[in-house]
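In the numbering used here, the protein residues as written are 18 to 227.
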């Protein structure tokens with residue numbers, strides 16, 4: 018795919034949604050961190066249902082740590098992998114209190130040192146909370162990047178590097194949200210909605226649906 022096509026793709030995505038954001042509900046960087054940890058192999062809708070009960074009761078590292086693993090499980094047991102997520106979150110809260118003055122760190126290394134936080138989660142926090150030009154590649158973005166030809170790659174890291182290289186700089190801060198929403202609602206896995214797609218004429222996907 019050439020530069021002009023990529024420019025036009027992101028221009029259209031921006032025009033259609035000038036201020037994209039995550040569908041996770043949060044009111045602080047810490048709440049966002051917890052929601053993103055919970056969202057691994059879970060839907061944003063499912064996470065929001067759980068945090069709607071959790072955050073009013075505990076929404077600081079100290080408060081969630083005070084719940085303990087079993088106490089936290091009661092709030093998140095509707096979410097997949099809740100046992101390991103509870104353990105990771107409690108340990109993350111302890112580290113935030115003891116090492117980071119209860120603040121979410123703004124650098125990748127410190128974020129990835131937190132239990133339950135991998136590269137993708139760190140990228141979400143850096144981009145959404147701290148407005149850094151990162152790219153968190155989930156299954157939706159991986160699919161869209163490969164299917165459209167915007168930044169094909171054999172693995173998540175290849176796609177991430179390709180997107181960072183090829184997305185025009187003026188669009189990079191919000192590109193994560195545009196691509197994930199496009200993959201979630203239009204360029205879906207089984208039968209992409211090409212007839213409703215605003216970039217279908219620019220996309221390299223050969224087996225377009227009618």
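Note that the Cβ used here is the ideal one computed from N, Cα and C, for glycine as well.
Member of the options whose CA lies at the smallest distance from the CA of residue i
i           : options            : result
residue 30  : 226, 194, 44, 168  : 194
residue 58  : 216, 99, 84        : 99
residue 34  : 188, 209, 222      : 188
residue 162 : 150, 182, 148      : 182
residue 164 : 205, 20, 102, 150  : 205
residue 66  : 126, 107, 42, 151  : 42
residue 174 : 184, 121, 155, 185 : 155
residue 60  : 74, 40, 71         : 40
residue 12  : 121, 101, 36       : No answer is possible for residue 12: it lies beyond the span of the chain, which begins at 18 and ends at 227.
residue 203 : 21, 132, 227       : 227
residue 101 : 54, 124, 80        : 54
residue 132 : 111, 142, 150      : 111
Residue i and residue j closer than 8 Å at C-beta
i           : j           : result
residue 160 : residue 200 : yes
residue 197 : residue 167 : no
residue 219 : residue 25  : yes
residue 68  : residue 52  : yes
residue 89  : residue 106 : yes
residue 172 : residue 153 : no
residue 103 : residue 114 : no
Residue i burial status per 10 Å Cβ neighbour count (16 or more: buried)
i           : result
residue 64  : buried
residue 118 : exposed
residue 126 : exposed
residue 144 : buried
residue 148 : exposed
residue 177 : buried
residue 21  : exposed
residue 215 : exposed
residue 109 : buried
Rounded distance between the beta-carbons of residue j and residue i, thought under 8 Å
i          : j          : result
residue 19 : residue 45 : So it is not a contact: roughly 41 Å between Cβ atoms.
Stretch-stretch touch, CB-based, cutoff 8 Å, three pairs: the segment 136-145 with the segment 85-105: no
Given 8 Å, three or more beta-carbon pairs between the segment 21-39 and the segment 182-196: yes
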